[in-house]
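Residue numbers (our numbering): 103 to 361. These notes concern the structure reproduced below.
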């Protein structure tokens, strides 16, 4: 056990070092400054609810950027290791592959935590700190969940373009599945149309399988300054369930990969 922990921590430390060398945090800081400038511009032209509008707009943009850049880093760093034959060299050693996997996950979790913390600190300018705290925790959960999805997709497809496409499709569909359900069961739906019934059943099935990311990190928390720990319990529960599922998928594909 004493040998397992240092290896996992070492891989996590090198993952964080790789993020720093890739200028990921400098890019994030530049985007934060640009977002702050855009929020100030929106506040200058807003007539009412200036601070709420600034916080909501800034929060929506930061959420999308943080999730996107962490997923891109997950895929790009692993593809670079694959091309440099580092993964094959590591797997040729008498070490369990799950240690490598959990080390990478720990490193990506630390990167996601630092990115979420920076985004939350900026939002303190436009929202009360209790709401920003819950929003930041929710953003961290969303980013960690998508990082596990990105890692699983990369080990499954073993190519950057299919992995990126799968991650983008998963995120967009999980973000919009609640709205699609409302449309499928809305008042304009024709109950006698077989095609609409089939489509509604397909959407309901997808909603049962996918996480409800529309309830993760909502901008409404920042706009209305209303959020409680009960709202966060759903986020934490779904993050745990789907992250464990994605970890299982990723480990399965990692262990069936030949040297």
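All residues carry an ideal CB built from backbone N, CA and C; glycine is no exception.
Sequence-distant residues of the same chain with beta carbon closer than 7 Å to residue i, five excluded per side
| i | result |
| --- | --- |
| residue 334 | 236, 239, 240 |
| residue 312 | 275, 276, 279 |
| residue 251 | 269, 272, 348 |
| residue 208 | 110, 114 |
Three-state secondary structure (DSSP) of residue i
| i | result |
| --- | --- |
| residue 124 | coil |
| residue 294 | coil |
| residue 359 | coil |
| residue 320 | coil |
| residue 105 | Because the pLDDT of residue 105 is 49, which lies under 50, any placement of that residue in the model is unreliable, and the question is left without a value. |
| residue 288 | coil |
| residue 226 | coil |
| residue 180 | helix |
| residue 372 | Lying outside 103 to 361, the shown extent of the chain, residue 372 is not represented and no answer is given. |
| residue 260 | coil |
| residue 151 | coil |
| residue 312 | coil |
| residue 198 | coil |
Per-residue burial, residue i [other beta carbons within 10 Å of its own, 16 or more giving buried]
| i | result |
| --- | --- |
| residue 104 | For residue 104, the predicted structure reports a pLDDT of 45, less than 50, and the residue's modelled location is therefore unreliable. The matter cannot be settled from this model. |
| residue 165 | buried |
| residue 267 | exposed |
| residue 289 | exposed |
| residue 112 | exposed |
| residue 346 | exposed |
| residue 307 | exposed |
| residue 129 | exposed |
| residue 332 | exposed |
| residue 329 | buried |
| residue 350 | exposed |
| residue 147 | exposed |
| residue 197 | exposed |
| residue 219 | exposed |
| residue 158 | buried |
CB of residue i within 8 Å of CB of residue j, strictly
| i | j | result |
| --- | --- | --- |
| residue 301 | residue 316 | no |
| residue 244 | residue 181 | no |
| residue 114 | residue 177 | no |
| residue 203 | residue 342 | no |
| residue 156 | residue 132 | no |
| residue 110 | residue 222 | no |
| residue 283 | residue 309 | yes |
| residue 263 | residue 161 | no |
| residue 229 | residue 327 | yes |
Residue-chain proximity (residue i, chain B), Cβ-Cβ < 8 Å
| i | result |
| --- | --- |
| residue 196 | Included in the structure is just one protein chain, with no chain B present. |
Neighbourhood of residue i by C-beta distance below 6 Å, restricted to the same chain and skipping five residues each side
| i | result |
| --- | --- |
| residue 259 | 265 |
| residue 211 | 246 |
| residue 344 | 247, 313 |
| residue 173 | 248, 252, 269 |
Own chain residues within Cβ distance below 8 Å of residue i, not counting five before or after
| i | result |
| --- | --- |
| residue 145 | 152, 153, 155, 156 |
| residue 305 | 279, 282, 283, 286 |
| residue 175 | 121, 124, 126, 210, 213 |
Cβ contact check for the segment 207 to 217 and the segment 131 to 138: 3 or more pairs under 8 Å: no
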